[in-house]
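Heads up, the thing below is written out as structure tokens.
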Amino acid sequence: MMRALLLASLLIATPALADSTMPPAPYANVQLEDPAQEAKAAALMASLRCLQCQGQAISDSDAQIAGDLRNQVRLRIKAGEDPEAIRAWLIDRYGDYVSYAPRVTSLTWPLFAAPLALLGLAFVLLRRRFTRSAA
Amino acid sequence: MTPAPTPSRWALWLPLGLFAVFASLVLVGLLRPADRAVKSAMIGRPLPQFALAAATSMQPGVARADLADGKPHLLNIFASWCVPCAVEAPQLRALRARGIDVIGVAIRDKPEDLARFFAANGNPFSRVGADNVSAIQFALGSSGVPESFVIDGRGIIRYQHIGDIRADQVVMIAARVAEAGQ
């Protein structure tokens, strides 16, 4: 009896869904008609961070806000906007964190400078070694 | 074969030292997790142009001009399907009771769901706009629901509150709105 009651309660209970029941935005999961435009949108969407599930790009995420951002990206590309202008618009609102493509800023320049510095150091060391062995 | 050079005392302790540095980094990361909230970069900047239709037949929608009317407002982004928004409702009512004009934007919501939400949690809003594609969130640099923005009378965004307003934050929010009104 108890088991039957428990099972029945499981059937009745609905999970506390924290999601909208609205259908996804028009271009959330629908490609653009023009393949060239869709390719541009897809490349941009793969390098924009989902604001809810922050380890994912909006192209990977099932979060509704990611679907809405895909819709907005596709609509803007469709209207002829440049993908990098859309990225800049989002960075302007959310900061660098929203983009997966790192920019050179006063904070990030060591990331870009370090490999060059290491290459330069390696070049100097190797040249010294080779000139010594030649002598 | 030359005999291996005996390492100096210093070099002997180096691996342990490196390990200690690494372990303390891990500990700091574990004990003090980073703040993952994405803050809006729009604070101090004017509200972007927008116009949203009414979310229900009971109240008018929201446009930028309604927020830049000389008085400070609290712009609350919420949804009936959002559980923390229901938790936040009493705090919004308390702010309303303090004479603060609270304007709502319902994200991806249906009129009948909103009516049910207001019946259960009360309706602290003077206006409720409907945004079914989260456009205002992207325009404001908001990354979820609920979020609240303090907008001053000139339409400048003065403060962003991420997540629900807790009972002990009502006074702080009221102070932010009062500050925006000066």
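Sequence lines, in order, name chains A and B.
Going by this note's numbering, the first residue of the first sequence is number 1, and it counts up by one from there.
Going by this note's numbering, the first residue of the second sequence is number 1001, and it counts up by one from there.
Where a beta carbon is used, it is the ideal one built from N, C-alpha and C, also for glycine.
Q. Closest by CA to B:V1087, which one among A:L7, A:P26, A:A18?
A. The shortest Cα separation from B:V1087 among A:L7, A:P26, A:A18 belongs to A:A18.
Q) Which stretch, first to last residue, makes up the alpha helix (DSSP H) that contains B:A1086? A) B:A1086 -> alpha helix (DSSP H) spans 1083 to 1097.
Q. Using the rule of at least 16 other Cβ atoms within 10 Å of the residue's Cβ for burial, across every protein chain shown, is A:L126 buried or exposed?
A. In the assembly as shown, A:L126 is an exposed residue. Its beta-carbon has fewer than 16 other beta-carbons within 10 Å.
Q) At a Cβ threshold of 8 Å, is A:M22 touching chain B? A) yes
Q: Starting from B:G1017, trace the alpha helix (DSSP H) both ways and give me its first and last residue.
A: 1009 to 1031
Q) For B:G1104 versus B:N1076, is the C-beta spacing smaller than 8 Å? A) A contact, by the Cβ cut-off of 8 Å.
Q. Along chain E, in chain order, which residues have C-beta atoms closer than 7 Å to that of B:R1064?
A. In summary, chain E is missing from the structure at hand, where the protein chains are A and B.
(Q) With DSSP as the reference, identify every bridge partner of B:R1127, one or two as the case may be. (A) B:I1103
(Q) Within 10 Å of its beta-carbon, does A:T21 have 16 or more other beta-carbons around it, so buried, or fewer, so exposed? (A) exposed
Q. What in chain B is Cβ-close to A:Q52, meaning under 9 Å?
A. S1143, G1144
Q) What residue does the beta strand (DSSP E) around B:L1159 start on, and which one ends it? A) Note that residue 1159 of chain B is Tyr in the sequence shown here, rather than Leu. That run of the beta strand (DSSP E) goes 1157 to 1162.
Q) Does A:R103 get closer than 8 Å to chain B when you measure Cβ to Cβ? A) no
Q: Please classify B:I1165: does DSSP put it in a helix, a strand, or coil?
A: In this structure, B:I1165 counts as coil in the three-state DSSP scheme.
Q) Considering only C-alpha positions, which residue in the set B:W1010, B:A1120, B:V1170, B:P1072 is nearest to B:L1047? A) B:P1072
Q. Exposed or buried, A:P15, counting other C-beta atoms within 10 Å across all chains shown (16 or more means buried)?
A. Low per-residue confidence applies at A:P15: pLDDT is 48, beneath 50, and the placement is therefore not dependable enough to give any value.
Q) Among A:T108, A:L69, A:D34, A:A42, which has the Cα closest to the Cα of A:L90? A) A:L69
Q) According to a CB-to-CB cut-off of less than 9 Å, which residues of the segment 1081 to 1114 of chain B neighbour chain A? A) W1081, C1082, V1083, P1084, I1107, R1108, D1109, K1110, D1113
Q) Secondary structure at A:R49, three-state DSSP: helix, strand or coil? A) In this structure, DSSP gives A:R49 an extended state, which the three-state scheme calls strand.
Q: With B:E1112 as the anchor, note down where its alpha helix (DSSP H) starts and where it stops.
A: 1111 to 1121
Q: Would you be able to state if there are at least three C-beta pairs under 8 Å between the segment 1039 to 1046 of chain B and the segment 91 to 103 of chain A?
A: yes
Q: Answer with yes or no whether the minimum CB distance from B:R1116 to chain A is below 8 Å.
A: no
Q) Going straight from the alpha carbon of B:V1026 to that of B:L1016, what length do you get? A) Going by the C-alpha atoms only, they are around 15 Å apart.
(Q) Helix, strand or coil for A:L32? Go by DSSP, reduced to three states. (A) Correct three-state label for A:L32: coil.
Q) By DSSP, does B:F1078 sit in helix, in strand, or in coil? A) strand
Q. Closest to B:A1079 by CA distance: which of A:P83, A:V73, A:I65 is it?
A. A:I65
Q.
Measuring alpha carbon to alpha carbon, tell me which residue in B:I1173, B:Q1091, B:W1010, B:A1020 is nearest B:A1123.
A. Looking at the sequence provided, one finds Asn at residue 1123 of chain B rather than Ala. Closest option to B:N1123, Cα to Cα, is B:Q1091.
(Q) Considering Cα atoms alone, identify which of B:S1143, B:W1081, B:R1127, B:A1065 is closest to B:R1036. (A) B:S1143
(Q) Does any residue of chain B have a CB that is nearer than 8 Å to the CB of A:Q72? (A) yes
(Q) So if DSSP puts B:P1046 in a beta bridge, which residue, or which two residues, is it bridged to? (A) B:I1156
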